[in-house]
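Structure first, then comments.
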Amino acid sequence: MNDTELRRTIGSRAKARRKELGLTMDYLAEKLDVNKSTIMRYEKGTIDNTKRLVIEGLANALHVTPEYLRGETDEYNTEITDKRSLLIRDLMEKIQGTVPLGIASSDNEFAENMLLVILAEYLEFADSFTKACHRFDFDGNKENEQFAELIGESLEDFSSMLFQREIMHTVNTLYDISETLRGYVKDPVAAQGHMKAILKLYNI
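Residues in the sequence shown are numbered consecutively from 99, following this note's numbering.
This is the structure in structure tokens:
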């Protein structure tokens, strides 16, 4: 493959992957710290996109390998399959970059404790939500249908009740977080103590 063909291969594969993930040229430009017009020319292969820094930057931003962009393989070797999973990864990286906050140590401690609670609760939610979706579907669950009939409820109402029970821990925790955050201005010490008490529920 000559240089012109390689540029076109890298450009076309980068463009296809960008579109597959639903990303804009502006997003890619920000990731590579270049102008949008430069991304456009990279994708068209009209400027050199074969340099190590460029191809590695494209590969990292698009969550593929340099070998994929060069056409040496058709495997991505990544878990990023859509825009949502990419944005979650981006946000997690940004969150890590904000810790610690540039504020007083006591305020920062409260903020970090709140982050810990939110992340710990998400793990609880993910487990409960997965179970709820698998076990309490509205259709095709004969066991739920029998129980619903026994207590005089429709299958939909019975399944909804079971679903709500499964995720109620998250509902309560989010309410507790919001109430604690509201009270921080009036009584930071009490709010900090309450946040620490919530953390203990997760053995943190």
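Don't be surprised by glycine CBs; every beta carbon is placed ideally from N, CA and C.
Checklist line | Inter-residue CB distance, Gly143 and Arg105 (contact presumed, cutoff 8 angstroms) | finding: With a beta-carbon spacing of about 4 angstroms, Gly143 and Arg105 fall inside the 8 angstroms limit used to define contacts.
Next item on the list: Pick out whichever of Arg182, Gly281, Arg111, Leu214 has its Cα sitting closest to the Cα of Ile43.
Entry: The displayed coordinates of the chain run from 99 to 302. Any statement about residue 43 would go beyond what the structure contains.
Next item on the list: Assign Val197 to buried or exposed, taking buried as 16 or more other Cβ atoms, counted over all protein chains shown, within 10 Å of its Cβ.
Entry: Exposed, because fewer than 16 other Cβ atoms sit within 10 Å of the Cβ of Val197.
Next item on the list: List the endpoints of the continuous alpha helix (DSSP H) containing Gly195.
Entry: In the DSSP annotation of this structure, the continuous segment of the alpha helix (DSSP H) that includes Gly195 starts and ends at 181 to 196.
Notebook entry, point to check: Near Leu272, which residues of its chain fall below 8 angstroms by C-beta distance, leaving aside the five closest residues on each side in sequence?
Noted result: Once the five neighbours on either side are set aside, the close Cβ partners of Leu272 are Glu219.
Margin query: Measuring straight from C-alpha to C-alpha, what distance separates Val269 and Asn133?
Written below: Looking at the two C-alpha atoms, the distance is approximately 43 angstroms.
Item checked: Same chain only: Cβ atoms within 8 angstroms of Met138, ignoring 5 sequence neighbours per side -> Counting only residues of its own chain and dropping the five nearest sequence neighbours on each side, Met138 has a CB closer than 8 angstroms to the CB of Met123.
Item checked: Burial state of Arg187, where buried means 16 or more other Cβ atoms lie within 10 Å -> Here Arg187 is exposed: its Cβ has fewer than 16 other Cβ atoms, across all protein chains shown, within 10 Å.
Note to self: If I measure Cβ to Cβ from Thr102 and keep anything under 8 angstroms in the same chain, skipping five residues before and after, which residues do I get?
What the structure shows: Cβ neighbours of Thr102 beyond the five flanking positions: Gly143.
Notebook entry, point to check: Could you give the distance in angstroms between the alpha-carbon of Glu128 and the alpha-carbon of Asn301?
Noted result: Roughly 39 angstroms between the two C-alpha positions.
Check: Excluding five sequence neighbours on each side, which residues of the same chain lie with their C-beta closer than 6 angstroms to the C-beta of Thr107?
Finding: Hits under 6 angstroms: Gly169.
Next item on the list: Compare the beta carbon distance of Ala147 and Gly195 with 9 angstroms and say whether it is the shorter of the two.
Entry: First, the residue type needs correcting, since residue 147 is Asn and not Ala in the sequence shown. It is not a contact, given that the beta carbons lie outside the stated cut-off.
Note to self: I'd like the span of the alpha helix (DSSP H) that includes Thr102, first residue to last.
What the structure shows: Taken as a continuous stretch (DSSP letters only), the alpha helix (DSSP H) holding Thr102 covers 101 to 118.
Checklist line | Assigned exposure category for Lys113 - 16 Cβ within 10 Å defines buried | finding: Buried, by the Cβ-count rule.
Next item on the list: Consult DSSP for Lys284 and reduce its assignment to one of helix, strand or coil.
Entry: Looking at Lys284 - three-state DSSP - the assignment turns out to be coil, as it is neither helix nor strand.
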